[in-house]
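Mapping of the sequence shown onto the numbering used here: residues 6 to 472, in sequence order.
Cβ coordinates follow ideal geometry from the N, Cα and C atoms, glycine included.
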Amino acid sequence: MKEPSYKERQEEAISRAREIIAKLSAEKGRPLYANITTFGCQMNARDSEKLRGILREVGYVDTENEDAADIVIYNTCTVRENADMHVYGRLGHMNGVKKKNPDLIMGLCGCMMQEPHVVEKIRKSYPFVNLVFGTHNLADFPELLLRVLSDKKRVIAIEEKTTTLPEDMPVKRKYSFKSGVNIMYGCNNFCTYCIVPYVRGREMSRRAGDIISECERLAADGVVEVMLLGQNVNSYGKGIDDFISFPDLLRRVCQVEGIERVRFMTSHPKDLSDDLIEAIAENPKVMRHLHLPVQSGSTEVLRRMNRHYDRDQYLALVRKIRERIPVISLTTDIIVGFPGETDEQFEDTLSLVREVGYDSAFTFIYSKRTGTPAAKYPDQVPDDVAHARFDRLLAAVKEGADKACARFEGQVMDVLVEEENKQPGLMTGRISQNIVVHLPGNKSMIGKILPVRMKECKGFYYMGEPV
Ligand code: SAH
Ligand code: SF4
Ligand code: F3S
């Protein structure tokens, strides 16, 4: 007999798991509930949507109440230490829940699981966790789930490398009208502070044809906005046969009928090309927002971070982008307290932030990640110094952001309405520049792109009025 293909094996696992769930559900006289928490970035969130897709296929019903779920999955992140701490904290709570519900399947996956010391700790100190897998075997989830369901034994399956990309998995999206689309996995940049290349593996691009068909399928399913995802989208295309450059990929995605808005993340400044600036400028469907992580304003720190650009190159790039696309909004990521960062070097970061005037910035205190080069650098910055710098940086970011945000006051702009606001009668959406707008309205507006007057800027968001 012919060996079943990978896909056939997963499908078989799904149908056998479905039978088990149906039986359990008949025994309990109620549906079985599932809850997944995403701890990390957009790519992590996209992975969760694939896991949710499988869980739905086998018959689980989503619940927001994790304590009442029959399967709980933590899709973890390990980019900074506090992400890890957060997971351990929540696990402590789940230990208590599992005592009350011994049938609970407690699963852990994602980037933290690619660190051997973490898996060791889970093995020893968290015996109630019964399913562990990593970033490289996400596509095996149906088989792994079936093993826990049928054997009732603990399943710990970690791979060193991806053999099968998580393509063609059923997906349950968080939003009906927008979706992330992976264009590449992994990262080759090895910034010296960063653990991502170790836990996500080497850069691997998807074929352009597959990306476009996915966008077409999404559009047919009601999606109007896609976010193209990769750790460094500007290096998209390396090592595959169906090759086009990232700017050309962007152009192709813009041609997909039904897709009205295209975003992408993240752009590494070192290889942002003139052609990309052109592709954004010439395509109104590409949103006027660029997330361009700078990390530091000091050339010396950037060199030790292995970022491959210096302060002046970054500032020149910002000028070039703004000249060609004046309405663009720029956001960034910044780390303070990188090992050896002096007061002067930190001042360079502050002055760069003032010079650029970002629409917003994610600011982080450097977190030492075991296994990265920077973890062994001398002169780790003391906590109190890092915190003091962090506070000053935050104030500088806020000052620039308030000013940048206010520049649209009074204008009428297109808003994609995304969700109901907590405040009754208010809806929340985003303009092209990714700035949040609250406006009066109702649920029927969700997923629609509407002209809205940007009435009042409230710092980093707007109060708007449909026109
Ligand atoms: N690939 C993206 C970043 C992904 S991680 C890029 O290069 O832009 C998101 C952000 O987390 C990074 O931009 C960086 O600012 C921050 N970060 C990564 N490792 C960190 C660490 N060890 N300590 C503090 N912040 C870190
Ligand atoms: Fe980390 Fe640098 Fe890769 Fe971004 S580009 S994921 S910061 S190594
Ligand atoms: Fe975190 Fe992994 Fe994303 S470490 S930031 S979830 S790639």
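Item	Value
Give me the DSSP bridge partner(s) of K183.	E230
State the DSSP-derived secondary structure class of L281, mapped to helix, strand or coil.	helix
Is S272 helix, strand or coil when you go by DSSP?	coil
Which complete beta strand (DSSP E) runs does the region 68–148 hold, if anything under 3 residues is left out?	76–81, 110–115 and 136–138
Using DSSP with H/G/I as helix, E/B as strand and the rest coil, what is K460?	strand
Between P36, D407 and E62, which has its C-alpha nearest E17's C-alpha?	E62
Using only the alpha-carbon positions, how far apart do S449 and N194 sit?	44 Å
So what's M450 in DSSP terms, helix, strand or just coil?	helix
Since N2 sits in a beta bridge, which residues does DSSP pair it with?	Any property of residue 2 remains undetermined from this structure, which presents the chain solely from 6 to 472.
Going by CA-CA distance only, name the one from A224, V228, V176 and N237 that's closest to C196.	N237
Look at the alpha carbon of R128 and the alpha carbon of E470, and state the distance between them as a whole number of angstroms.	54 Å
Quick one: what's Q15 bridged to in DSSP?	In the DSSP output, where bridge partners are listed per residue, Q15 has none listed.
Report whether the distance from the Cβ of F251 to the nearest heavy atom of the ligand SF4 is below 7 Å.	no
Which residue wins for smallest C-alpha separation from V291, given the options A321, Q300 and Q260?	Q260
Starting from the Cα of A411, find the closest Cα among A393, R359 and Y467 and give me that residue.	Y467
I need the DSSP call for F395, collapsed to helix, strand or coil.	helix
Hey, quick one: how far does the alpha helix (DSSP H) through Y65 stretch, first residue to last?	No alpha helix (DSSP H) contains Y65, which DSSP labels as neither H nor E.
Measuring alpha carbon to alpha carbon, tell me which of R293, C82 and G227 ends up nearest S437.	R293
Can you tell me whether DSSP reads D419 as helix, strand or coil?	strand
Do G185 and S210 have their C-beta atoms closer together than 8 Å?	no
I'd like to confirm the pairing. Which residues does DSSP put opposite M468 in its beta bridges?	H443 and E461
According to the Cβ coordinates, are L277 and L322 closer than 8 Å?	yes
Contact defined as beta carbons within less than 8 Å: I believe T81 pairs with M118. What is the distance between those atoms, to the nearest angstrom?	7 Å
What does the alpha-carbon distance come out to for the pair G3 and A401?	Outside the shown range of the chain, which is 6 to 472, sits residue 3, and nothing can be said about it.
Based on the DSSP output, what are the partners of A340 in its beta bridges?	Before going further, note that residue 340 is Ile rather than Ala in the sequence given. Its beta-bridge partners are F369.
Just reading off the beta strand (DSSP E) that G434 is part of, what are its end residues?	L431 to I436
Out of T169, A74, R324 and Y319, which one is the CA nearest neighbour of S10?	T169
Can you give me the C-alpha to C-alpha distance between N447 and F395, rounded to a whole angstrom?	39 Å
In terms of residue numbering, what span does the beta strand (DSSP E) encompassing A162 cover?	V160 to A162
Determine the direct distance from the alpha carbon of R205 to that of R309, and round the result to whole angstroms.	22 Å
Start and end of the beta strand (DSSP E) containing L295?	H294 to H296
By a C-beta neighbour count over all protein chains shown, 10 Å radius and 16 as the cutoff for buried, is Q428 buried or exposed?	exposed
Less than 7 Å between the CB of Y65 and some heavy atom of the ligand SAH, yes or no?	no
Any heavy atom of the ligand SF4 within a distance shorter than 7 Å of the CB on N237?	yes
Return the CA-CA distance between V483 and D348, expressed in angstroms with no decimal places.	Any property of residue 483 remains undetermined from this structure, which presents the chain solely from 6 to 472.
I'd like to confirm something about D338: is its beta-carbon nearer than 7 Å to some heavy atom of the ligand SAH, or not?	yes
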